[in-house]
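Chains as they are written, first to last, in the UniProt record's numbering: chain A, 1 to 405; chain B, 1 to 405.
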């Protein structure tokens with residue numbers, strides 16, 4: 001097999017969230033019957049149930065009609081006045097000084113930011129530390145840029161006060177020559193938030209071993225139950241030239257259809273990310289960029305009500321899963337839950353396929369987040385509550401059909 | 001210097017089209033005075049002068065309001081009904097059968113398509129043939145994917161009936177182990193169209209030496225003076241598994257602000273491109289995708305009138321340049337002209353900086369299209385005619401200040 005086949009075998013996206021429509025189900029043998037009900041796609045949030053920030057579309061139309069060419073063609077890192085506005089808002093939110101001219105880039109989604117940051121840091125053969133479980137693209141990016149994965153365990157089921165990162169393992173990796181560390185906080189898929197102690201220690205290790213870090217804080221605005229969220233960049237432990245933070249309005253704010261993300265941090269890395277963006281996609285969609293002005297600028301109470309509505313759905317789904325003996329950690333931030341399937345005769349990948357076929361419920365198999373999570377599934381509970389509850393009841397029934405006695 | 005610095009030095013985008021706003025001019029010594037007049041940016045087309053396809057924005061709003069979540073989250077290769085529509089239109093336009101399910105992907109701009117196609121074909125050390133001059137990103141993509149450039153000369157000033165590709169050089173490269181060939185037709189920056197004879201011979205050589213080809217036909221709808229345009233894919237010489245064609249609505253149709261492009265061709269390569277898109281930016285902007293329904297579906301006469309208006313601007317600018325002893329080939333398709341500066345004391349990169357400073361006229365230096373084009377500049381003449389004429393007069397005056405006596 002040629003090297004390019006090897007690389008693309010690792011990138012296989014057939015089981016990735018949102019790609020389920022392209023799966024082939026023919027070979028699976030079903031037990032139990034079909035369960036009627038509306039299709040619910042837990043692979044991502046439902047922006048019909050939780051709609052985009054009000055007036056986002058109006059602002060897009062304004063950009064097209066009133067600003068026109070200057071909005072269509074921006075410099076590759078994004079239109080200056082929008083970078084200025086976003087840098088101010090993110091400085092305030094994250095407790096981190098951000099120079100809009102040199103330290104921030106607007107990208108096509110946070111996926112775009114992650115790709116550019118990884119491409120600006122990783123060269124073939126580099127050791128890259130990632131968390132298991134963590135966002136599926138992190139490991140794929142390392143493969144694509146021909147780095148070497150160094151997995152670090154997150155014992156997310158264990159601790160009420162910590163996320164559960166194995167700091168000893170992380171330091172061993174850093175001693176062993178890891179040059180880049182990529183992780184999400186809140187963790188995707190488990191929904192746990194790293195404690196201030198954990199973030200402080202991560203920062204200290206990054207500084208001590210001169211590692212570059214990409215921290216993906218995509219879900220950091222939607223925090224439940226008064227949990228404290230600590231922005232790694234705000235601690236001023238990691239040197240400015242070693243850190244890139246990623247965030248965007250695709251999740252909590254439901255603006256995913258506009259494909260917008262932001263990265264901020266080290267000037268030299270942001271410069272490289274822009275050079276890379278010039279050959280990847282030129283810029284985030286010109287007219288879309290202006291929608292960032294609506295971000296962190298939502299109507300009064302909009303964010304509070306949204307978080308409360310998500311908290312209620314979370315509570316109800318956790319209750320159902322626990323009643324049915326699925327082990328699950330309580331989501332501390334974001335919209336994901338990551339339950340363990342209770343002793344089934346099939347693994348999570350086949351369960352996901354079967355569930356889709358038998359009950360029209362779409363979930364993401366745990367193996368997308370690390371090879372060890374064969375007994376877990378991820379659900380994004382940013383859904384219509386009634387439909388989500390009914391779908392999880394069907395999910396639990398289907399699991400019952402395949403239980404090992 | 002570390003390898004990643006080497007890679008990013010080659011990607012330097014400071015002189016790339018659209019990035020001029022971020023240049024530093026301090027070190028340049030000026031001759032002659034400032035020339036008053038409105039800023040004209042010839043680095044790209046002016047979508048205020050030539051507006052997007054009517055109803056494109058209405059359709060975007062329809063996608064957001066009426067389709068909602070299904071439009072925001074599509075499979076990575078793009079929403080099925082849009083792929084079906086686009087495949088039918090492009091099949092008819094290009095004379096090539098396209099299977100919408102397997103042979104077509106929607107990307108964030110044609111830049112996105114080019115990046116994904118190159119990433120799906122090139123592995124480190126591969127020899128990649130490119131044309132000089134040709135679109136600046138082609139060579140940068142080869143550098144980024146650590147391929148080895150094999151440049152092929154296009155003698156674009158020479159021939160009325162041919163584009164001027166050196167087919168002997170191309171075959172020598174193929175014999176020498178070139179595995180991928182990337183070129184634009186119509187050629188960017190010169191605006192020449194490859195003859196049917198040239199395309200046929202290119203196809204024959206690709207087949208004979210089993211090379212992969214990416215042909216960028218971005219400007220192939222805007223053809224002047226009855227010039228015949230030959231789609232490489234339509235000749236059925238190149239095996240289906242070896243060819244990817246790229247096209248999009250960003251130029252002639254002025255939809256660049258929506259960031260939309262399309263690639264069609266080899267199933268196995270389209271599959272890889274989708275796997276890569278999954279980690280690069282997930283998908284082209286969801287709501288934007290629906291705007292592709294307006295493409296190839298413009299009001300009667302819209303396209304004919306647009307081409308005629310561009311032909312008139314082209315003719316006027318060519319006349320001005322030739323009167324002032326700038327050598328220039330007549331554009332056969334697209335909106336670019338690529339004149340040679342007549343014997344100046346400065347090279348094109350400094351001329352571009354000076355011109356911007358002294359006369360507020362932005363052009364792209366020839367060195368973006370190949371290291372040998374130190375005496376050339378590229379202009380996109382999709383502009384307000386009156387302003388463009390005035391700006392070219394200023395350009396000619398500024399050139400006069402720096403003429404070698």
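Cβ coordinates follow ideal geometry from the N, Cα and C atoms, glycine included.
Since the model is a prediction, treat every value here as computed from it, not as a measurement.
Burial state of residue i, where buried means 16 or more other Cβ atoms lie within 10 Å
i	result
residue 261(A)	buried
residue 353(B)	buried
residue 118(B)	buried
residue 302(B)	exposed
residue 394(A)	buried
residue 299(A)	exposed
residue 322(B)	exposed
residue 183(A)	buried
residue 77(B)	buried
residue 413(B)	In the structure as shown, chain B starts at 1 and stops at 405, and residue 413(B) therefore has no counterpart that could be examined.
Contact check, residue i vs residue j, beta carbons under 8 Å
i	j	result
residue 204(B)	residue 237(B)	yes
residue 69(B)	residue 178(A)	no
residue 265(A)	residue 247(A)	no
residue 380(A)	residue 43(A)	yes
residue 185(A)	residue 217(A)	yes
residue 95(A)	residue 234(A)	yes
residue 286(A)	residue 19(A)	no
residue 392(B)	residue 358(B)	no
residue 294(A)	residue 53(A)	yes
residue 106(A)	residue 115(B)	no
When the options are compared against residue i, the one with the closest alpha-carbon
i	options	result
residue 5(B)	8(A), 323(A), 269(A) and 80(A)	269(A)
residue 149(A)	132(A), 348(A) and 221(A)	132(A)
residue 137(B)	8(B), 368(B) and 57(B)	368(B)
residue 99(A)	364(A), 38(A) and 267(A)	267(A)
residue 130(A)	139(A), 123(A), 124(A) and 122(A)	139(A)
residue 239(A)	142(A), 207(A) and 128(A)	207(A)
residue 141(B)	7(B), 383(B), 255(B) and 292(B)	7(B)
residue 15(A)	390(A), 401(A) and 356(A)	356(A)
residue 311(B)	292(B), 254(B) and 331(B)	331(B)
residue 108(B)	281(A), 291(A), 347(A) and 226(A)	281(A)
residue 162(A)	74(A), 124(A) and 194(A)	194(A)
Residue i versus residue j - alpha carbon distance
i	j	result
residue 85(B)	residue 55(B)	17 Å
residue 87(B)	residue 188(A)	36 Å
residue 198(A)	residue 378(A)	24 Å
residue 40(A)	residue 372(A)	26 Å
residue 345(B)	residue 404(B)	6 Å
residue 192(A)	residue 386(A)	25 Å
residue 32(A)	residue 396(A)	13 Å
residue 144(A)	residue 11(A)	7 Å
residue 101(A)	residue 324(B)	40 Å
residue 343(A)	residue 110(A)	35 Å
residue 304(B)	residue 350(B)	38 Å
residue 36(A)	residue 272(B)	36 Å
residue 306(B)	residue 50(B)	8 Å
residue 190(A)	residue 45(A)	15 Å
residue 126(A)	residue 121(B)	22 Å
residue 1(A)	residue 232(B)	Note on residue 1(A): pLDDT 40, under 50, position unreliable in the model; the coordinate value appears next. Approximately 29 Å, taken between the alpha carbons.
residue 147(B)	residue 92(B)	35 Å
residue 256(A)	residue 170(B)	44 Å
residue 338(A)	residue 259(B)	35 Å
residue 176(B)	residue 214(B)	19 Å
Cutoff 8 Å; reference residue i; Cβ partners in own chain excluding five residues on either side
i	result
residue 158(A)	164
residue 166(B)	152, 153, 154 and 155
residue 160(B)	none
residue 251(A)	45, 218, 219, 222, 334, 335 and 382
6 Å Cβ shell around residue i - same chain, five flanking residues per side excluded
i	result
residue 223(A)	229 and 333
residue 79(B)	289
residue 104(B)	83, 87, 98 and 264
residue 364(B)	17, 43 and 378
residue 64(A)	287
Contacting residues, own chain, Cβ-Cβ under 7 Å from residue i (five flanking each side not counted)
i	result
residue 174(A)	205, 209 and 211
residue 388(A)	40, 313, 317 and 381
residue 196(A)	228 and 230
residue 276(A)	116, 119 and 120
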